[in-house]
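> Protein chains in written order, with the UniProt record's numbering: chain A, 1 to 482; chain B, 1 to 245.
Even for Gly, the Cβ is constructed at its ideal location relative to N, Cα and C.
Input: one structure, supplied below.
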Amino acid sequence: MSKYTEEELKKELETKEYEYGFYTDLESETFPVGLNEDIVRAISKKKDEPEWMTEWRLDAYRIWQGMTEPTWANVKYQKPDFQAISYYSAPKQVDPNKSIDDVDPELRAMYKKLGISLEEQKRMNNIAMDIVVDSVSVATTFKETLNEKGIIFCSISEAIKEHPELVQKYIGSVVPKTDNYYAALNSAVFSDGSFCYIPKGVRCPMELSTYFRINQAGTGQFERTLLIADEGSYVSYLEGCTAPSRDENQLHAAVVELIAMNDAEIKYSTVQNWFPGDKDGKGGVFNFVTKRAIAEKNAKVSWTQVETGSAVTWKYPSCILKGDNSVGEFYSIAVTNNYQQADTGTKMIHLGKNTKSTIISKGISAGKSQNSYRGLVQIGSRAENARNFSQCDSLLMGNECGAHTFPYIESKNSTAKLEHEATTSKIGEDQIFYCNQRGIPTETAIALIVNGFSREVLDKLPMEFAVEAKKLLEISLEGSVG
Amino acid sequence: MLQIKNLHASVEDKEILKGINLEVKAGEVHAIMGPNGAGKSTLSSVIAGNENFEVTQGEIILEGEDLADLAPEERAHKGIFLSFQYPVEIPGVSVTNFMKTAINETRKANGLEDMPANEMLKLIKEKAELLEIDRKFLSRSLNEGFSGGEKKRNEIFQMAMLNPKIAILDETDSGLDIDALRIVSNGVNKLKNENNAVIVITHYQRLLEYIVPDFVHVLHDGKIVKTGGKELALELEEKGYDWLK
């Protein structure tokens with residue numbers, strides 16, 4: 001049994017000072033814009049990578065060059081100029097002349113609603129702050145607990161140096177360099193990310209979180225995550241932050257690879273709240289992410305995501321159910337407001353016998369936004385008795401938004417059992433009036449209705465994440481019904 | 001307690017209420033009867049502040065205060081309760097969670113702290129017993145998959161929880177079998193006291209055998225055309241409405 005309870009974790013999250021214990025000064029440097037082989041080499045050199053990694057990146061770059069940007073998603077945007085981007089910049093530096101008063105008041109109001117501490121606000125906006133002395137000891141305790149169990153949890157850059165045998169074996173094994181345009185680009189230029197290895201039979205005693213990661217602030221643009229759960233192990237991993245992240249990098253193309261070996265279980269939860277652009281649809285982050293898991297025999301992988309941010313989201317966390325009896329789950333809430341566009345869903349690839357997958361997708365659209373679910377359930381010829389249940393619910397607010405569902409089913413085995421359910425509903429004036437009549441103001445009524453609609457997914461999130469996610473849903477939809 | 005003076009209201013420029021006058025004192029039960037389309041449900045919606053209706057003339061005064069500028073939730077905070085003819089469904093929100101939110105929002109509006117959890121549980125238990133509601137029922141999603149009778153019983157349960165000054169029961173008897181009717185009426189009678197008042201809107205005299213009115217008003221074409229005691233309901237049952245037109 002785990003000694004480290006959620007309550008304790010919550011306490012740690014409340015204090016959060018431990019993060020600063022990891023903070024190291026890095027020189028500030030940004031590469032010239034544009035991408036070519038020299039830039040790829042320079043990135044690799046800058047990070048002091050071994051030759052095999054440099055070659056791997058170069059290979060990815062060459063593949064990327066021969067690819068074209070996909071256009072099949074139900075989103076419209078100005079294509080980024082890939083030669084106008086700088087592909088390496090050192091983690092952002094503290095600006096000694098900047099104070100909390102320089103931060104956009106609108107952003108500060110949102111921090112306040114989310115209950116984010118002043119220290120945390122400063123950190124997110126790269127403002128100098130006092131480093132708390134005993135933060136180091138908290139960090140050390142945390143590391144020790146993991147070390148005792150043989151769990152490796154570090155940045156991917158560190159892993160490339162310290163655990164090359166694991167990285168070399170598994171990187172690109174779930175999402176190959178050739179997979180898609182953004183995955184190829186990420187493979188060539190990834191800045192940093194997380195690496196995690198859980199040894200055989202070990203149950204990770206705490207929720208692993210990117211909160212704990214080193215120099216988190218600098219890893220944004222092309223993040224690379226590799227998580228390996230060895231036979232019979234268990235890990236729950238939390239990614240992202242409910243705090244709104246405003247970033248000058250418009251394009252984000254991350255790759256996440258999960259490997260669940262025989263009898264292993266991985267729970268991967270994400271809350272994404274990148275800057276969605278302003279009320280008129282200006283600015284905002286493009287989020288083009290490739291996330292995929294491979295599940296071996298009797299393994300189980302659960303993706304849970306709450307997506308409220310980004311101007312454009314293109315994201316399909318998927319499971320390859322390779323081993324017999326393996327299980328894949330996808331629970332998603334995607335909220336779009338104003339001019340946001342989301343095209344998100346999952347792919348469940350059933351290869352093994354008796355494989356099972358569940359898809360629960362909740363899309364909430366408000367303002368002038370467009371929200372699409374796109375899912376593929378594929379049953380291979382060897383996948384005897386494969387089963388899938390898919391449920392896609394859409395909730396509309398107002399008359400100017402759109403909800404779309406694109407389910408694809410391909411079955412090559414007649415023993416497969418597939419179920420698909422879809423509903424679309426609208427928050428009705430009659431529902432709002434009913435709540436009002438009971439003394440519940442409209443904003444609270446909307447929050448209540450939205451939370452009710454999302455309940456099945458919210459319930460899948462680890463406790464402290466669920467509380468924050470609920471608050472975030474409310475804030476994202478504020479003012480969307482006039 | 002509640003005074004309605006020369007109330008005119010319309011929806012999409014069509015006048016539905018054409019000069020209603022009504023005074024309800026604390027401790028009284030008023031029944032409003034009348035044929036379909038007379039404006040009974042409109043009257044209840046307008047008192048509750050439904051913004052789909054436009055009040056073109058007249059006043060609604062609760063304990064000396066004109067309600068004209070108050071939003072529906074503000075009226076609720078002041079003690080107006082409407083038992084809906086067709087209660088809406090809110091998937092994923094349990095009856096308990098809904099009531100907790102409603103009570104705490106009302107308390108907040110009245111400058112009170114949230115109700116402590118143990119007090120809330122006690123209140124829920126007490127009121128659920130009053131309406132013979134199985135506690136399991138309270139963790140179900142609000143009105144989702146409820147039978148007609150369950151929906152109405154749940155409305156009166158909410159009334160019991162919120163303890164309003166003026167309760168308007170809009171066609172609460174429709175969809176109820178005789179046992180449910182008895183339970184619901186019994187609940188209303190127990191909640192009634194000298195500090196509150198009940199307005200019962202109904203088609204039929206049946207409900208009034210259980211919830212006995214002090215006054216019966218007949219609404220026809222947006223006006224109250226006759227007022228009497230409880231015996232008027234029996235007379236209407238016998239003769240219908242045509243003789244009043």
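(1) Bridge partners for D66 of chain B per DSSP, in chain order?
(2) How about G352 of chain A: is its C-beta nearer than 8 Å to some C-beta of chain B?
(3) At a cut of 8 Å, does the stretch 162-171 of chain B reach the stretch 191-198 of chain B through at least three beta carbon pairs?
(4) Would you report the Cα separation of M124 of chain A and G66 of chain A, rounded to the nearest angstrom?
(5) Would you report the Cα separation of D134 of chain A and G283 of chain A, rounded to the nearest angstrom?
(6) Starting from the C-beta of A260 of chain A, find all residues in its chain whose C-beta is less than 6 Å away, skip the five residues before and the five after it, and write them out in chain order.
(7) Whole angstroms are fine: how far does the CA of R203 of chain A sit from the CA of K177 of chain A?
(8) Looking at G39 of chain B: is its Cβ nearer than 8 Å to the Cβ of E194 of chain B?
(9) Counting only Cβ pairs nearer than 9 Å, list the residues of chain B close to Q370 of chain A.
(10) Which word fits R135 of chain B, buried or exposed, when buried means at least 16 other C-beta atoms lie within 10 angstroms of its C-beta?
(11) Taking the C-alpha atoms as reference points, what is the distance between Y4 of chain A and L146 of chain A?
(12) To which residues does DSSP link residue 257 of chain B through a beta bridge?
(13) Consult DSSP for G19 of chain B and reduce its assignment to one of helix, strand or coil.
(14) Chain B partners of T444 of chain A, CB-CB under 8 Å?
(15) Which residue from A:I85, A:K149, A:P50, A:S390 puts its Cα closest to that of K200 of chain A?
(16) Mind checking which residues open and close the beta strand (DSSP E) that includes F288 of chain A?
(17) Taking Cβ positions, are S94 of chain B and S141 of chain B nearer each other than 8 Å?
(18) Compare the Cα-Cα distances from L376 of chain A to each of A:K353, A:Q370, A:Y316 and report the closest residue.
(19) Would you tell me roughly how many angstroms separate the C-alpha atoms of F137 of chain B and H252 of chain A, rounded to the nearest one?
(20) What are the boundary residues of the beta strand (DSSP E) that D343 of chain A is part of?
(21) Report the rounded CA-to-CA distance for R224 of chain A versus R292 of chain A, giving the unit in angstroms.
(22) Does chain C have any CB closer than 8 Å to the CB of H77 of chain B?
(23) What first and last residue would you give for the beta strand (DSSP E) that runs through A167 of chain B?
(24) What does a CB cutoff of less than 8 Å around I156 of chain A pick up in its chain, not counting 5 residues either side in sequence?
(25) Quick one: Cα of Y170 of chain A to Cα of L258 of chain A, how far?
(26) Using the beta-carbon of each residue, which ones in chain A are nearer than 9 Å to A71 of chain B?
(27) Between which two residues does the alpha helix (DSSP H) harbouring Q431 of chain A extend?
(28) So does I103 of chain B have its beta carbon nearer than 7 Å to some heavy atom of the ligand SAM?
(29) Strictly below 7 Å CB to CB, what residues from chain A border V200 of chain B?
(30) Residues in its own chain within less than 6 Å of I427 of chain A by CB, not counting five upstream and five downstream?
(31) What is the DSSP secondary structure of S187 of chain A, reduced to helix, strand or coil?
(32) Rounded to the nearest angstrom, what separates A342 of chain A and N385 of chain A at their Cα positions?
The short version:
(1) In the DSSP output, where bridge partners are listed per residue, D66 of chain B has B:I61.
(2) No, G352 of chain A does not count as interfacial toward chain B.
(3) They touch, by the three-pair rule.
(4) Confidence at M124 of chain A is low in this model, with a pLDDT of 49, below 50, so the placement of that residue should be treated as unreliable; the coordinate-derived value is given next. Straight-line Cα distance between these residues: approximately 37 Å.
(5) With a pLDDT of 32 at D134 of chain A, under the threshold of 50, the modelled position of that residue is not reliable, and no figure is offered here.
(6) In the same chain as A260 of chain A, and ignoring 5 residues on each side of it, the C-beta atoms closer than 6 Å to its own belong to A229, I266, A295, A299, V301, in chain order.
(7) When rounded, the separation of the alpha-carbon atoms in K177 of chain A and R203 of chain A is 31 Å.
(8) For the 8 Å CB-CB criterion, G39 of chain B and E194 of chain B do not form a contact.
(9) Those within 9 Å of Q370 of chain A in chain B number zero; the least Cβ separation is about 23 Å.
(10) The C-beta of R135 of chain B has fewer than 16 other C-beta atoms within 10 Å across all chains shown, which makes the residue exposed.
(11) With a pLDDT of only 46 at Y4 of chain A, under 50, the local geometry of the prediction cannot be trusted, and no value is derived from it.
(12) In this structure chain B extends from 1 to 245, so residue 257 of chain B is not present and cannot be described.
(13) In this structure, G19 of chain B counts as strand in the three-state DSSP scheme.
(14) The answer, in chain order, is T101, E105.
(15) Here the closest residue by C-alpha is A:K149.
(16) Counting along the chain, the beta strand (DSSP E) containing F288 of chain A begins and ends at 286-295.
(17) Taking C-beta atoms as the reference points, S94 of chain B and S141 of chain B count as a pair closer than 8 Å.
(18) Comparing Cα-Cα distances from L376 of chain A to each of A:K353, A:Q370, A:Y316, the minimum goes to A:Y316.
(19) Linking F137 of chain B to H252 of chain A through their CA atoms gives a straight-line distance of about 47 Å.
(20) Per DSSP, the unbroken beta strand (DSSP E) holding D343 of chain A starts and ends at 341-350.
(21) Near 12 Å, if we compare the C-alpha coordinates of R292 of chain A and R224 of chain A.
(22) This model lacks chain C altogether, as its protein chains are A and B.
(23) Taken as a continuous stretch (DSSP letters only), the beta strand (DSSP E) holding A167 of chain B covers 166-170.
(24) Closer than 8 Å at the Cβ level, and outside the excluded window around I156 of chain A, lie V167, F190, D192, G193, S194, F195, R224, T225, L226.
(25) Their backbone Cα atoms lie some 9 Å apart in a straight line.
(26) Contact of A71 of chain B with chain A by beta-carbon distance below 9 Å involves N436, P441, T442.
(27) Counted as a single uninterrupted DSSP element, the alpha helix (DSSP H) harbouring Q431 of chain A occupies residues 429-437.
(28) This structure lacks the ligand SAM; in fact it carries no ligand of any kind.
(29) Annotation: V200 of chain B has no Cβ neighbours in chain A at a cutoff of 7 Å; minimum Cβ distance is about 17 Å.
(30) Hits under 6 Å: M397, I449.
(31) Look at S187 of chain A here: in three-state DSSP terms it is helix.
(32) Their backbone Cα atoms lie some 33 Å apart in a straight line.
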